[in-house]
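Down below is the structure, laid out as structure tokens.
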Amino acid sequence: MPIIIPKDLPAYSSLKLENIFVMNESRAFSQDIRPIEIAILNLMPTKVETETQLMRLLGNTPLQVNITLVGTATYRGTHTPEHHLAKFYKSYDEIKKMKFDGMIITGAPVETLPFNEVKYWNELQEIFDFIDDNVTSTIFICWGAQAALYYYYGIEKHNLPQKMFGVFGNRKTVEHELLLKGMDDIINIPVSRHTAIDEDKVRACPYLQVLAESDEAGISVIKSVDNKRIFLTGHSEYDRDTLKTEYLRDVAKGLDIAPPAHYFTDGPDSAVNMSWSGAANLLYYNWLNYYVYQITPFEIGDIKK
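Count the sequence shown with my numbering and you get residues 1 to 305, in order.
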């Protein structure tokens, strides 16, 4: 089944070329199926790229998935054209009376700031409260995961001595976990961050369960014991060249940055070894199936805490 997105959204053409099953809203309306309603709060500056990355993964399941893109009202980025935001994005005020089967909150390039200094922190706290009563299951990515762990459980983040940058192998810590079903023993996940969570507090929290971790990059996948919150400290959604683009950008700025680890086949001028795509597709497939579709009520209005 397809994801349902506007035909003039840039991701529509890109995904059609990749044979990802996408459907426009008018065709979806004629089908007698209740689609899974997924909201994406996109905090990344490169919004079009992030939209496409996540929609690619959400479109790889047998479910019909309707996407609602959400942005912050208290801060409007300058990297995405205003007409794109106005046409395709809703504010929190526009969705706060709605309910969703699932939600994704992306990372954001604000990780070195204290949470209360982020311009949209107050708005984000409102959205976190909204999620509790109106969303069946939520994925929080990178800084989004750090922010949610802090808000819900008081778990702090700290600065790293150098950027954690590359593709890192992770091992499962829970046998037969549905979110990781079908994955190999080593799960490769792209990472790009300057901060890390307090892992001791994560492990000590009775409401959280660590599902995967890396010897090099630390804890990578966490879930709440009630299955309503999934925390991803890396970026499984990244495209083949995303880390390369970040690396070349930082080099051009004259920053002291090492090439992303375990990523290039033989140095920065060589090809990229994309070793995380299969696990990424399974991650989102499993989330949609086991933690959204199998749990969410048939009547979306019945979603409650």
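Heads up, the beta-carbon is just placed ideally off N, CA and C, and yes, glycines get one too. Note that the structure is predicted; figures quoted are calculated from it, not measured.
Beta-carbon proximity check, residue i vs residue j, cutoff 7 Å
{"i": "ALA261", "j": "MET183", "result": "no"}
{"i": "VAL146", "j": "LYS163", "result": "The amino acid at residue 146 is misidentified as Val; the sequence shows Gln. No, the pair does not count as a contact, with Cβ atoms beyond the cut-off."}
{"i": "TYR293", "j": "LEU63", "result": "yes"}
{"i": "ASN170", "j": "SER214", "result": "yes"}
{"i": "GLU237", "j": "LEU58", "result": "no"}
{"i": "VAL65", "j": "ILE36", "result": "yes"}
{"i": "VAL221", "j": "LEU208", "result": "no"}
{"i": "ILE189", "j": "TRP276", "result": "yes"}
{"i": "SER14", "j": "THR52", "result": "yes"}
{"i": "HIS79", "j": "PRO45", "result": "yes"}
{"i": "ILE95", "j": "GLY144", "result": "no"}
When the options are compared against residue i, the one with the closest alpha-carbon
{"i": "ILE197", "options": "LEU149, SER13, ARG56 and VAL48", "result": "LEU149"}
{"i": "ASN227", "options": "GLU117, GLY102 and LEU43", "result": "GLY102"}
{"i": "LYS119", "options": "MET98, GLY77, SER91 and PHE130", "result": "GLY77"}
{"i": "VAL110", "options": "VAL292, HIS194, ILE230 and GLU237", "result": "HIS194"}
{"i": "GLY107", "options": "ASP132, ILE40, PHE130 and THR80", "result": "ILE40"}
{"i": "ALA86", "options": "MET98, ALA73, LYS96 and TYR151", "result": "ALA73"}
{"i": "ILE300", "options": "ASN134, GLU199 and PRO10", "result": "ASN134"}
{"i": "ARG203", "options": "TYR153, TRP276, GLU175 and LEU160", "result": "TYR153"}
{"i": "PHE88", "options": "PRO268, PRO10 and VAL251", "result": "PRO10"}
{"i": "ASP239", "options": "VAL272, LYS172, ALA258 and TYR291", "result": "VAL272"}
Spatial distance of residue i from residue j (CA atoms)
{"i": "LYS7", "j": "TYR75", "result": "27 Å"}
{"i": "GLU123", "j": "ASP93", "result": "10 Å"}
{"i": "THR61", "j": "TRP287", "result": "10 Å"}
{"i": "PHE168", "j": "SER91", "result": "35 Å"}
{"i": "ILE155", "j": "PRO114", "result": "13 Å"}
{"i": "ASP132", "j": "LYS304", "result": "8 Å"}
{"i": "ALA217", "j": "PHE100", "result": "32 Å"}
{"i": "LEU179", "j": "LYS47", "result": "26 Å"}
{"i": "ILE187", "j": "ILE127", "result": "31 Å"}
{"i": "PHE264", "j": "TYR247", "result": "11 Å"}
{"i": "THR245", "j": "GLU199", "result": "29 Å"}
{"i": "ILE141", "j": "ASN116", "result": "19 Å"}
Bridge-paired residues (DSSP) for residue i
{"i": "TYR284", "result": "DSSP lists no partner for TYR284."}
{"i": "PRO306", "result": "What the structure shows of the chain is the stretch from 1 to 305, and residue 306 is not part of that stretch, so it cannot be assessed."}
{"i": "ASN159", "result": "THR195"}
{"i": "GLU37", "result": "ASN66"}
Residue-chain proximity (residue i, chain B), Cβ-Cβ < 7 Å
{"i": "ILE187", "result": "No chain B is part of this structure, which consists of one protein chain only."}
### Task
Just list the alpha helix (DSSP H) runs in the segment 41-74, keeping only unbroken ones of 4 residues or longer that don't cross its boundaries, in chain order.
47-58
#### Entry: Every unbroken beta strand (DSSP E) within the segment 202-266, with a cutoff of 3 residues, ordered by chain
208-214, 218-224 and 229-232
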